[in-house]
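All residue numbers for the sequence shown refer to the numbering used here, where the first residue is -9 and numbers rise by one.
All C-beta atoms, glycine included, are put in the ideal place defined by N, C-alpha and C.
What follows is a set of notes on a single structure, which appears directly below.
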Amino acid sequence: MTTIALACQEQLLPGTNLIQKYALATALGYQGIELRGRGDLAFARRLPELRRARAAGVVMPTVCVEMDHFIGDFDPDRSADAIRNLRSQLSVVAELGGVGVMTPAAWGMFSRRLPPFEPPRPPAGDRQVLLDALGILGEHARAEGVTLFLEPLNRYEDHMVNRLDEAVALCAALGLPSVQVVADTFHMNIEEDDVHLALRTAAPYLGHVQVSDSNRYQPGAGHLDWPALVRTLLELDYRGWLSLECRLRGDPVRALQDAATVLRHALPRRRAAA
């Protein structure tokens, strides 16, 4: 029976190194660790550590970028630097045998919900900047055999790509299978009229799913219907990961265990071999 693997972001896991963190993660019910990719090429400088972890059996499928500027930056130099960092991260995750790297268009740069309400660049300019960057990164991802995932963020954190259909439109315009979409349940809870319809519509481009509850805490701490959400993903034959990206309420280990329990109970159990 088809099921979906669970990952947990590295900063949520207690432990002094990735090997210790992975031992805890697997004991709690996760199958992988999602890494965080900082700027200034810091992620590439972690290669010795990451190689040791991989040699010890740590599964590291994906990287979530963690920088203060992104591909959609209004400053061309900052946008170019984000591209440079993401190219490096794609190459590193390829060496690790991973799946890919995710990025938003931007985070914290501008919101139409806050003064001055009108960004300095028109929508057509936003679109072209994103298509140019995604094209460069998509070609590099294809050469490396991995995927770049574009993540929509809610309206208070970004003004360019807020919903899955907006990310899908960019992917469709590019026509590169190496550029796909991330669905983040927290942002979807704010932006999508119908979460399940949005997932179904985005299905051909859906490559990764990040999970947190409606309040940004661990699954089970808010009001999202996890069995219904997971059922939709299974109906779509989603083959990617469910990766925990959230804040933790309460004791971290207990919170991670509770989140894994909520997600596992929403997933079908594997049938034993006859």
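- In the three-state scheme derived from DSSP, where H, G and I count as helix and E and B as strand, His59 is classed as coil.
- At the C-beta level, Ser204 and Leu(-4) stay beyond 9 Å of one another.
- Counting C-beta pairs with one atom in each stretch, the stretch 194 to 213 and the stretch 245 to 257 have three or more that are closer than 8 Å, which means they touch.
- Gly230 and His186 do not touch by the CB rule: their CB atoms are close to 17 Å apart, not below 8 Å.
- Of all alpha-carbon atoms in His149, Asp122, Leu25 and Glu141, the one lying nearest the alpha-carbon of Thr175 is that of Glu141.
- The criterion of a C-beta distance shorter than 9 Å is satisfied by Arg44 and Gly87.
- Going by C-alpha positions, Ser78 is about 10 Å away from Ala131.
- Of all alpha-carbon atoms in Val83, Gly115 and Leu154, the one lying nearest the alpha-carbon of Val48 is that of Val83.
- The count of Cβ pairs closer than 8 Å, one atom from the stretch 115 to 126 and one from the stretch 62 to 82, reaches three, so the stretches are in contact.
- Ranked by Cα distance from Asn144, the options Ile9, Met178 and Val171 are led by Met178.
- Going by beta carbons, Leu226 and Arg190 fall inside the 9 Å limit.
- By a beta-carbon distance limit of 8 Å, Phe60 contacts Pro94. Their separation comes to about 6 Å.
- In this chain, the beta strand (DSSP E) harbouring Phe139 covers Thr137 to Glu141.
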